[in-house]
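Following: one structure in structure tokens, then a few remarks.
Residue numbers (the working numbering), protein chains in the order written: chain A, 1 to 275; chain B, 1 to 311.
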């Protein structure tokens with residue numbers, strides 16, 4: 001994927017700064033609303049944007065299932081850990097890397113480590129066959145990402161699987177999450193699933209907005225690259241003023257619709273990890 | 001070239017029957033079971049696959065566009081898996097059902113409620129995945145059920161069906177599943193990790209801006225040895241002896257992979273756990289063309305007005 005290493009489209013710093021300030025201003029009102037909220041804060045993720053802009057109709061079951069660990073929900077964190085191990089040279093194959101990560105869960109839990117997370121406890125509680133099923137799903141996820149990227153070309157500023165958060169300075173109750181599987185400095189790669197949808201540009205623009213709001217200088221971030229492994233399709237969102245406006249508008253729509261997910265289980269997709 | 005190995009019982013009873021057939025494929029009988037058939041180095045990649053992929057996609061896009069025009073842009077997406085595309089014409093209703101699209105988008109393909117064949121197929125596939133990943137089984141029924149539990153909500157109906165069985169029915173299921181598991185263990189050694197094996201790899205190709213989606217799932221994909229022309233081999237599992245249908249499904253998956261990555265798997269293999277039959281073949285351009293023509297014909301011939309209630 002050359003788009004991960006090529007320079008993003010240039011933008012004037014002054015233009016970028018103005019767009020960032022405009023986006024920040026757009027978020028002041030929702031921040032104030034969040035500060036008045038009595039039932040918890042608002043954490044806005046790309047999932048919320050998708051729900052608001054794309055999935056307007058209720059799910060087929062009519063029931064929103066609470067978050068639960070399954071092979072499907074565990075594949076990303078396990079797969080990311082495996083990719084990290086592969087990039088670091090701690091493992092040579094996805095199978096080995098995932099197996100090592102799953103074994104680590106058992107060690108942490110059975111050793112009573114305070115580092116054991118909910119995912120580790122869930123994994124350790126499964127039978128060997130259950131763990132094999134989870135591992136198989138993670139191996140597939142990891143292999144797809146591992147084989148799609150020329151890792152040697154990505155340089156040394158590589159960050160794998162770290163979500164970035166922006167906390168509103170106007171309210172401690174409003175936070176935005178930018179999710180990216182791989183960050184190269186010039187691009188943030190986001191692994192996408194589900195159908196092609198009109199909301200995907202806003203979902204990816206949220207990554208840029210979070211980077212822009214977190215930044216301590218006026219330099220634009222890298223581009224956001226959305227990738228569907230199922231189809232090989234790519235969507236690029238360049239760091240342009242219009243992208244910030246798109247994301248800020250999407251966030252305000254999420255908050256206006258009250259669809260920010262504030263009641264998920266710990267470690268769920270919209271929940272901020274402990275610092 | 002299509003090669004089919006005889007059932008396990010026949011091979012065990014008369015190796016002389018099988019050996020000449022298998023020699024044709026790579027010059028030696030595969031000690032590594034069916035996977036060995038996928039890892040033969042002799043098949044070169046056709047250099048023009050990328051051009052072919054573009055042509056096939058253009059062909060399909062034209063057909064998808066016509067289908068969308070016939071149905072109306074507001075109609076729900078048509079989601080075409082091998083079951084709909086290669087099954088009976090009545091399956092058009094299923095393809096056009098919005099719930100099918102939602103299930104496919106979620107990666108699920110489970111009819112509800114599942115019949116006995118579906119239950120067995122889901123259990124065998126869970127064991128297949130375990131064998132391909134860790135290479136060992138303990139108690140097949142326990143292992144398969146544990147795997148489905150970890151799989152999450154999509155397997156709930158199958159598990160409920162199993163829990164509702166009488167002791168006699170459960171015993172029969174255990175016996176049948178054990179036979180399937182034994183054949184798989186014999187035929188399918190765990191792939192070496194450096195083959196980069198992955199199971200249940202989903203492919204979904206949106207056409208006409210996503211209004212038509214061709215999708216399928218590879219039971220097992222492996223990479224070819226390191227070096228130029230690194231390519232993939234694919235394996236499909238059948239549990240009911242549906243040899244021809246599985247083979248056509250593999251051709252469909254090869255087409256999807258061509259559309260996704262620009263080239264099909266070099267070679268595809270299939271194994272049937274009900275009989276122990278297995279075989280492999282090289283993927284050829286004509287198979288991709290035939291499958292593309294079939295998909296276009298399906299889209300052109302579908303009775304959309306009936307299928308989507310006049311949409």
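Think of the CB as a built atom: it goes at the ideal place given N, C-alpha and C, for glycine as much as any other residue.
C-alpha gap between residue i and residue j, whole angstroms
| i | j | result |
| --- | --- | --- |
| residue 74/B | residue 54/A | 14 Å |
| residue 158/A | residue 87/A | 9 Å |
| residue 117/A | residue 124/B | 32 Å |
| residue 251/B | residue 65/B | 23 Å |
| residue 169/B | residue 260/B | 43 Å |
| residue 69/B | residue 243/A | 32 Å |
| residue 78/B | residue 132/A | 34 Å |
| residue 277/A | residue 92/A | This structure cannot speak to residue 277/A, because chain A is shown only from 1 to 275. |
| residue 207/B | residue 18/A | 39 Å |
| residue 313/B | residue 129/A | In this structure chain B extends from 1 to 311, so residue 313/B is not present and cannot be described. |
| residue 77/A | residue 301/B | 44 Å |
| residue 134/A | residue 299/B | 37 Å |
| residue 214/B | residue 247/B | 17 Å |
| residue 217/B | residue 203/B | 6 Å |
| residue 82/B | residue 255/B | 11 Å |
| residue 295/B | residue 203/A | 33 Å |
| residue 222/A | residue 8/A | 6 Å |
| residue 22/A | residue 103/A | 48 Å |
| residue 85/B | residue 262/B | 22 Å |
| residue 196/B | residue 169/A | 46 Å |
| residue 99/A | residue 148/A | 21 Å |
| residue 126/A | residue 120/A | 10 Å |
Beta-bridge pairing of residue i - partner residues as DSSP gives them
| i | result |
| --- | --- |
| residue 183/A | 159/A, 188/A |
| residue 206/B | 213/B |
| residue 82/B | Answer is none; residue 82/B lacks a bridge partner. |
| residue 177/A | 165/A |
| residue 330/B | Only positions 1 to 311 of chain B appear in this structure, which leaves residue 330/B out of reach. |
| residue 47/A | Answer by DSSP bridge pairing: none, since residue 47/A is not bridged. |
| residue 42/A | 174/A |
| residue 235/A | 226/A |
Residue-chain proximity (residue i, chain A), Cβ-Cβ < 8 Å
| i | result |
| --- | --- |
| residue 210/B | yes |
| residue 222/B | no |
| residue 199/B | yes |
| residue 261/B | yes |
| residue 205/B | yes |
| residue 142/B | yes |
| residue 62/B | no |
| residue 160/B | no |
| residue 34/B | no |
| residue 152/B | yes |
| residue 75/B | no |
| residue 167/B | no |
Chain-order list of residues whose beta-carbon lies under 6 Å from that of residue i (same chain, five-residue window excluded)
| i | result |
| --- | --- |
| residue 144/A | 229 |
| residue 126/B | 144, 147, 148 |
| residue 109/B | With a pLDDT of 48 at residue 109/B, under the threshold of 50, the modelled position of this residue cannot be trusted; read the value that follows with caution. Nothing meets the Cβ criterion. |
| residue 235/A | 200, 226 |
| residue 199/B | 129, 132, 220 |
| residue 114/B | 157, 158, 161 |
| residue 95/A | 139 |
| residue 59/A | A caution first: residue 59/A carries a pLDDT of 46, below 50, which makes its placement in the model too unreliable to give a value. |
Closer than 9 Å at the beta carbon, the chain E residues around residue i
| i | result |
| --- | --- |
| residue 4/A | This model lacks chain E altogether; the protein chains it does include are A and B. |
Interface flag, residue i vs chain B, CB-CB below 8 Å
| i | result |
| --- | --- |
| residue 139/A | yes |
| residue 230/A | yes |
| residue 127/A | yes |
| residue 52/A | no |
| residue 46/A | no |
| residue 224/A | no |
| residue 66/A | no |
| residue 207/A | no |
| residue 87/A | no |
Residue i beta carbon near the ligand PLP (any heavy atom closer than 7 Å)
| i | result |
| --- | --- |
| residue 49/B | In the structure shown, the ligand PLP is absent, as is every other ligand, since no ligand is present at all. |
Same chain, Cβ closer than 8 Å to residue i, neighbours up to 5 away in sequence not counted
| i | result |
| --- | --- |
| residue 233/A | 196, 227 |
| residue 258/B | 49, 52, 53, 56, 264, 288 |
| residue 119/B | 158, 161, 162, 173 |
Same chain only: Cβ atoms within 7 Å of residue i, ignoring 5 sequence neighbours per side
| i | result |
| --- | --- |
| residue 312/B | Outside the shown range of chain B, which is 1 to 311, sits residue 312/B, and nothing can be said about it. |
| residue 297/B | none |
| residue 97/A | 82, 85, 86, 91, 142 |
| residue 153/A | 5 |
| residue 214/A | 164, 166 |
| residue 43/B | Here the model assigns residue 43/B a pLDDT of 48, short of 50, so the residue's position is not dependable, and the following value carries that caveat. Around residue 43/B: 266, 267, 282. |
| residue 191/B | 35, 132, 197, 222 |
What alpha helix (DSSP H) runs, 4 residues minimum, are completely inside the region 253–311 of chain B?
285–301, 304–307
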